[in-house]
Structures are given as C-alpha cells and as structure tokens.
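Just so we're aligned, residue 186 is where the sequence shown starts under this note's numbering, counting upward by one.
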Amino acid sequence: SDVCSSDLTVSREFGSGGRELGKRLADVLGVAYYDKEIISKIAENLKLDEQYIENHLERDFTVNFPYTFRCSFSTPFYAMNQVVDMLVEQHKIIRTLAKREDCVIVGRGADAVLHDMGPYNIFVYADMAAKKERCRNRASPGKTLSERELERRIRQIDKARAASYDLVSGYPWGDKRAYHLCVNTTGLDIPQIVPHLAAFVKIWFERKDHGDSII
Numbered sequence: 186s187d188v189c190s191s192d193l194t195v196s197r198e199f200g201s202g203g204r205e206l207g208k209r210l211a212d213v214l215g216v217a218y219y220d221k222e223i224i225s226k227i228a229e230n231l232k233l234d235e236q237y238i239e240n241h242l243e244r245d246f247t248v249n250f251p252y253t254f255r256c257s258f259s260t261p262f263y264a265m266n267q268v269v270d271m272l273v274e275q276h277k278i279i280r281t282l283a284k285r286e287d288c289v290i291v292g293r294g295a296d297a298v299l300h301d302m303g304p305y306n307i308f309v310y311a312d313m314a315a316k317k318e319r320c321r322n323r324a325s326p327g328k329t330l331s332e333r334e335l336e337r338r339i340r341q342i343d344k345a346r347a348a349s350y351d352l353v354s355g356y357p358w359g360d361k362r363a364y365h366l367c368v369n370t371t372g373l374d375i376p377q378i379v380p381h382l383a384a385f386v387k388i389w390f391e392r393k394d395h396g397d398s399i400i
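Following this line, the structure appears as structure tokens:
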C-alpha cells in the first residue's frame, strides 16, 4: 500500500467499538482487515466448527483454560489439548497474514504475537455505561439482557480476553506499556474520530520508515 507500510493491531474491551474502529481504520488506510476471518481459517485448518472455536477462544476461555497457565509458543507444550491446538494455529495464521500483506488485525493478542515485526498497537476501551449502551444498540431482536446480565457478560468476555492475552504477552491486557495508543471511545462517534486516528498512524509509520527512533 502507498499509505501504510506495516501492520496494525487493535485490542479492545467488549462493547467499546474496537471492531468497528479497526474496520473503518483499515478502510481509510487502504489495507486488509482480519477478525472473524482468523476463526474461519482455524476452523478450516483444524476441521472444527467455527462457533465451537469462538466459544473456546473468546467467550469462555477462562472456563476452558486455566488463567494461571503460562506457556511459550517457541517451546514444546506439556499440556496439549484442543484449546492449545487452536491457540497454536491462531498464532501461525496471524503471523502468516501479517507477513503476507499490510493489514489491521483485531484482537487475539496480535500485538504480542507480532511484537518482533513492530506493528502499531491500539487499545480501545470505554466506561461500562457506554459499553452496555453499545451492546444494547447492536443486540439482535429478542436477545435483550437485563442490566445485570449484560454487565456480567461484558466482564466475563473481557476476563476471557485478558486470560488469553496473558499467554502470549509479558504485559497485562490493557496495560498502556503494550500499546502505542489507547483510545477511550466513551461519548465519541467512531466514524468521526477514525480519519484523525488514521492521520496519526500515518505519521508514526512515516517516521518508522525514515528510521527515526520510535518508542
């Protein structure tokens, strides 16, 4: 791409609008976008159902995999199971996509998986009220949860994302040290802020291409 010469990752709290932000950012930058496509590829490679993989890797990770278990993808696994198989496949797919083309990858600890490749990493968050409102606005008809149920679900999914991230990163999920930019979407219109984020990202990559020191 003549606009962006590397990859971006978007980590996000559930309900913060991070997926929409990532997709719109990819469109503005003119690069590929990967999110659910990664789950589809894992399903294809492992001959498993997509919903089954999504439930295990995203929604119920803390149930299916102990939060205290840490491992390195560079060493043999001593506790091989289907969830580990999925994680290993996801790791391979993310690196293959990033090497193949400039892209935006949402979630899945991509910032840590691609650390040696120097992607630009964004973390998107919002306060609980804003996250609940966004979830209600996007909910399918007939799937309305109570305030308490919705908040519990948001916390459950974020806890699963934190646990999954803990396997691949030396930083806690959401720790500002792991990202180049943290964006609080509370009260903000995502389509309105994306062009400004894209301009910011372009400046960063231009400096990187010119060999300037970037922290």
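Each residue gets a CB set at the ideal place from its N, CA and C atoms; glycine is no exception. Keep in mind that this is a model prediction, so the values were computed, not measured.
Give every residue of the same chain whose Cβ lies closer than 7 Å to the Cβ of residue i, excluding the five residues on either side of it in the sequence, and list them in chain order.
i      : result
Ser354 : Gly294, Ala297, Ala363
Lys405 : Beyond the ends of the chain as shown, which are 186 and 400, falls residue 405; an answer cannot be given.
With DSSP as the reference, label residue i as helix, strand or coil.
i      : result
Val268 : helix
Ser225 : helix
Val195 : strand
Leu373 : coil
Val353 : coil
Lys361 : helix
Ala383 : helix
Asp296 : helix
Leu330 : coil
Ala211 : helix
Lys393 : helix
Ala345 : helix
Asp301 : helix
Gly203 : helix
Leu233 : coil
Ala315 : helix
Considering only residues of the same chain and omitting the five flanking positions on each side of residue i, which have a CB-CB separation below 8 Å?
i      : result
Arg209 : Ile375, Pro376, Val379
Leu335 : Lys317, Cys320, Arg321
Arg337 : none
His365 : Tyr305, Asn306, Ile307, Trp389
Glu332 : Lys317
Taking C-alpha atoms, which residue in the options lies nearest to residue i?
i      : options                        : result
Ile223 : Ala345, Gln236, Val213, Gly215 : Gln236
Gln275 : Lys226, Cys288, Glu334         : Lys226
Val213 : Trp389, Ala384, Lys393         : Ala384
Asp301 : Ala283, Ile290, Gly292         : Ala283
Val268 : Ser349, Cys367, Arg392, Thr370 : Ser349
Lys232 : Gly207, His241, Met271         : Met271
Lys221 : Ile279, Gly303, Gly359         : Ile279
Met313 : Phe390, Asn369, Arg285         : Asn369
Gly207 : Leu382, Val273, Lys393, Glu391 : Leu382
Asp343 : His365, Leu366, Val309         : Val309
Asn230 : Arg204, Val273, Asn266         : Val273
Cys266 : His241, Arg285, Thr281         : Sequence check: residue 266 is Asn here, not Cys. Out of His241, Arg285, Thr281, His241 has the C-alpha closest to the C-alpha of Asn266.
Arg285 : Val291, Gly292, Lys277         : Lys277
Leu193 : Asp234, Glu391, Leu299         : Leu299
Arg204 : Thr281, Asp234, Val291         : Val291
Can you name the residues that DSSP bridges to residue i?
i      : result
Ala283 : According to DSSP, which records beta bridges pairwise, Ala283 is partnered with nothing at all.
Ala217 : Cys288
Ser366 : The amino acid occupying residue 366 in the given sequence is Leu; Ser does not appear at that position. For Leu366, which the question treats as bridged, DSSP gives the partners Ile307.
Would a C-beta distance cut-off of 8 Å place residue i and residue j closer than the cut-off?
i      : j      : result
Tyr305 : Ser191 : yes
Val195 : Ile339 : no
Tyr218 : Ala211 : yes
Ala311 : Glu198 : yes
Ala315 : Gly372 : yes
Glu243 : Ala347 : no
If I measure Cβ to Cβ from residue i and keep anything under 6 Å in the same chain, skipping five residues before and after, which residues do I get?
i      : result
Ala264 : With a pLDDT of only 37 at Ala264, under the threshold of 50, the placement of this residue in the model should not be trusted, and no figure is reported.
Ile388 : none
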